[in-house]
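K.L.:
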Amino acid sequence: MLDLVASGRSVADIARDLGISEESIYTWRRQDRIDRGLAPGLTSAEKAELTAAKRRIAELEAELAVHRRASELLGKVVPPKGGSRPSR
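So for the sequence shown, this note's numbering puts the first residue at 39; every next one is plus one.
1) If I follow the unbroken alpha helix (DSSP H) through R67, where does it start and stop?
2) Count the other CB atoms within 10 Å of the CB of I63; is the residue buried (16 or more) or exposed (fewer)?
3) Among S45, K114, D41, which residue has its Cα nearest to the Cα of D70?
4) Inspect the beta-carbon positions of D73 and T65 and report whether they are closer than 8 Å.
5) If you draw a straight line from the alpha carbon of S48 to that of R94, how long is it in whole angstroms?
Here is the structure:
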């Protein structure tokens, strides 16, 4: 599709022929320029890595919340051991 734009056809013609919005073509073209290092911004690979990292952080935060809640509940059920003795 980007080859059609590069060949000189208008974005409006390509969008109409393919049944997609002009904005989609402009977005794809902008991302292609970023991926090729011709424009500033996050590459597709960087975006995918960032999305995966955010997903993993959310999973770990949820897991941590479960562990904190379990610790809180166990603290209420299991009495603390006998008093502590001073260190020698």
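Where is the CB? At the ideal position from N, CA and C, for every residue including glycine. Model, not experiment: these values are computed from the prediction.
P.N.:
The relevant details are as follows:
1) For R67, the enclosing alpha helix (DSSP H) starts and ends at 60-73.
2) Classification of I63: buried, given that the 10 Å Cβ count is 16 or more.
3) Residue D41 is the option with its Cα nearest to D70.
4) For D73 and T65, no; Cβs fall outside 8 Å.
5) Rounded to the nearest angstrom, the two C-alpha atoms are 42 Å apart.
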